[in-house]
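Data block below; observations after.
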Amino acid sequence: MNFSRPEQLQELESKSEFDLLIIGGGIVGSAALQMASSKGLDSILLEKNDFASGASSRSTKLLHGGIRYLPQLQFGLVKESLLEQKILVKLLGELYKPLKLLAPIYKDDGFSDLPKIFQFNAVSSIAFKIGLTLYDFLGSRDKNQKHLNIDKSETKKLFPILKQEKLKKSFMFQDAQTDDAKLVVTLLRNAVEINNAKAINYMEIKDITKNSSKYKIKVLNTLNNREHTLYATNIIAATGVHNLPGEYKEKSSKIKYSGGAHLVLRGDPLKINGHGILLPRTEDNRIMFVLPWFGNTIVGTTDTESFSGSLDRPFANNQDKEYLIKHVKKYFDIKDMEYISSWSGVRALIDNKLTSTKNVSRGHFFKNIDDRFIQISGGKLTGFRLIAKESLELLFDKKFDLERLSFTKEVLELSNQFSETDLEICFQHYCIAKPTDYMLRRTHLSWFNENGGKNEIRKIIGKFENKNIEKETLKELDDEGLLYKNN
Ligand SMILES: Cc1cc2nc3c(=O)[nH]c(=O)nc-3n(C[C@H](O)[C@H](O)[C@H](O)COP(=O)(O)OP(=O)(O)OC[C@H]3O[C@@H](n4cnc5c(N)ncnc54)[C@H](O)[C@@H]3O)c2cc1C
């Protein structure tokens with residue numbers, strides 16, 4: 035069956051019982067669906083908005099080896115993340131993009147992730163060097179993946195507008211990027227088209243009741259307000275920052291929010307030439323990234339306890355944007371920093387009453403909600419395979435793993451400018467139901483064009499039936515903070 039919404043809804047008319055229901059179409063739920071369906075489990079995933087519309091399209095897109103856990107002496111987590119990179123490079127095809135990152139060492143401005151004692155000038159570069167050597171060792175890296183020492187003049191050649199004053203030297207190390215939203219829809223396309231699973235967006239789980247050996251699930255199709263009743267023997271709630279629905283709400287995992295904003299800059303105004311860079315220290319003692327992104331540049335992220343907008347649609351506010359611009363200007367010789375677009379996401383962190391979200395573990399956590407019903411929260415994009423695998427192995431007495439993904443090249447070839455052919459492909463194979471699904475998460479049209487790609491809307495909406503679609507699309511782009519106010 036095609037990964038198309040109408041085809042799957044049609045099938046749901048004659049089928050209502052499943053071995054496994056997955057609530058939430060972010061990276062964790064989608065990976066769990068691919069793994070479960072590859073082992074023959076009759077599985078369905080339902081998402082209340084669009085797939086990847088939560089944290090899984092709003093991340094910094096790094097599949098990182100966990101270098102920032104080294105100063106916290108979390109060697110296990112670093113080793114696990116580095117091993118994960120080695121596995122993912124084989125499974126994700128073109129969706130795994132190796133990336134070289136520069137770590138510049140400045141006098142009086144040691145990396146804020148290092149413990150205070152290692153931030154002093156005399157020891158900061160030695161401490162960093164030891165850390166990177168350990169990183170290479172824990173990741174059993176071969177020669178061409180090991181970190182490099184880069185002197186000041188070479189740094190200038192590679193990053194011509196990076197500030198040189200007080201720069202002592204730099205290191206270059208290897209990490210990786212992905213395209214989070216495209217990875218999610220590729221996992222789902224594999225699950226549906228190859229393994230015969232179901233994954234439908236705009237289907238909100240409203241209530242769950244226990245019914246002898248099965249759960250009875252009330253689902254609302256939010257696009258036509260039609261209710262469906264389904265039955266499942268097992269449930270995995272991969273609901274990110276959201277509470278469980280209905281009567282199970284009180285049993286939801288207790289989490290704490292952390293907002294993270296990013297800016298998209300047109301082209302390569304910071305002259306990073308396809309490399310990433312780690313900015314050592316923000317005013318609130320964090321690190322920040324400047325990264326290449328499909329011909330453009332992304333800058334991020336913030337880490338704030340509050341965020342603007344809703345949990346479903348957070349947006350980067352003026353304060354977030356000023357913060358990001360200010361710190362780029364701290365490290366780059368650039369006067370006017372213009373950006374095309376911005377986004378914000380909300381992380382789910384364990385609520386262990388620490389004062390600052392920056393110090394809370396990025397680890398994931400499971401909660402047994404009921405018999406054969408678990409909730410999974412937190413974690414990192416980088417750890418999605420492990421998290422999904424663990425959640426399935428908690429419910430079923432067998433081993434699961436991700437299969438090598440198909441369609442990885444195709445999904446990256448979807449153009450970031452309007453293309454009638456691509457729009458049709460997205461209807462047939464990437465389950466789009468709204469123009470914004472195509473503009474925000476199957477392509478980068480809204481991120482890479484002025485005003486959220488508003489000028490292209492007329493061409494896109496013609497293909498959708500809903501009469502109010504133009505107004506709704508503009509409202510959604512506005513909620514995301516993508517419409518410039520004077521237009
Ligand atoms: C700003 C930011 C930067 C980050 N950067 C990185 C990074 O560079 N590298 C990295 O490894 N990690 C990063 N992360 C972390 C990573 O993005 C998250 O760990 C990951 O995306 C979480 O995926 P998820 O599937 O658990 O949740 P989500 O992607 O949030 O998915 C949960 C889904 O559940 C759906 N849902 C909830 N309730 C219901 C219901 N009742 N019915 C149906 N559906 C429902 C929601 O709509 C949502 O789509 C970052 C996170 C943020 C916010």
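One gets the numbering used here by counting positions in the sequence shown from 1 and adding 34 to each. No residue lacks a Cβ here, since even glycine has one placed at the ideal position from N, Cα and C.
Annotation for residue 385: 288, 289 and 290 place their beta carbon closer than 6 Å to its own, counting only its chain and skipping 5 residues before and after. DSSP places residue 475 within a helical segment (H, G or I) once states are collapsed to three.
Between the C-alpha atoms of residue 415 and residue 96 there is a straight-line separation of about 8 Å. Within the stretch 329 to 365, complete beta strand (DSSP E) segments of at least 3 residues are found at 330 to 334, given in chain order.
In the three-state DSSP reduction, residue 129 falls in the helix class (H, G or I). Listed as beta-bridge partners of residue 263 by DSSP are 252. Counting C-beta pairs closer than 8 Å gives fewer than three between the stretch 298 to 306 and the stretch 429 to 440, which falls short of the contact rule. In this structure, residue 60 has its beta carbon less than 8 Å from a heavy atom of ligand 1. One thing to note: residue 93 has its Cβ within 9 Å of the Cβ of residue 379.
For the pair residue 252 and residue 79, the Cα-to-Cα distance works out to about 14 Å.
For residue 378, the three-state secondary structure derived from DSSP is strand. A residue is called buried once 16 or more other Cβ atoms fall within 10 Å of its Cβ, and residue 167, having fewer, is exposed. In the assembly as shown, residue 213 is a buried residue. Its beta-carbon has 16 or more other beta-carbons within 10 Å. Boundaries of the alpha helix (DSSP H) around residue 455: 454 to 463. Residue 213 carries a coil assignment under DSSP once its states are collapsed to helix, strand and coil.
In the three-state scheme derived from DSSP, where H, G and I count as helix and E and B as strand, residue 179 is classed as helix. By the criterion of at least three beta-carbon pairs nearer than 8 Å, the stretch 400 to 413 is in contact with the stretch 267 to 285. One Cα belongs to residue 431, the other to residue 55, and the distance between them is close to 17 Å.
Secondary structure of residue 243 (DSSP, three-state): strand. With 16 or more neighbouring CB atoms inside 10 Å of its own CB, residue 322 falls in the buried class.
The shortest CA-to-CA distance from residue 503 to any of 348, 513 and 491 is the one to 491. Counting only the Cα atoms, residue 205 lies some 13 Å from residue 169. Rounded to the nearest angstrom, the Cβ distance from residue 511 to residue 480 is 6 Å, consistent with a contact under 8 Å. Between residue 324 and residue 331, the C-beta gap is smaller than 9 Å, which places the two residues in contact. The beta carbon of residue 58 sits closer than 7 Å to those of 81, 271, 272, 273 and 274, all from its chain and outside the five residues before and after it, given in chain order. Secondary structure of residue 38 (DSSP, three-state): coil. At a threshold of 8 Å, residue 81 counts as near ligand 1, since its beta carbon sits closer than that to one of the ligand's heavy atoms.
Note on geometry: alpha-carbon atoms of residue 232 and residue 89 lie some 22 Å from one another. Counting the other CB atoms within 10 Å of its CB gives residue 464 a total of 16 or more, which places it among the buried residues. Per DSSP, the unbroken beta strand (DSSP E) holding residue 51 starts and ends at 51 to 57. Here residue 207 is near residue 134, since their CB atoms are less than 9 Å apart. Per DSSP, the unbroken beta strand (DSSP E) holding residue 322 starts and ends at 322 to 327. Ligand 1 has a heavy atom closer than 8 Å to the beta-carbon of residue 382. With a threshold of 8 Å, the Cβ atom of residue 290 does not count as near ligand 1, since no heavy atom of the ligand is closer than that. Distance from the Cα of residue 129 is smallest, within the candidate group 50, 328, 44 and 509, for 328.
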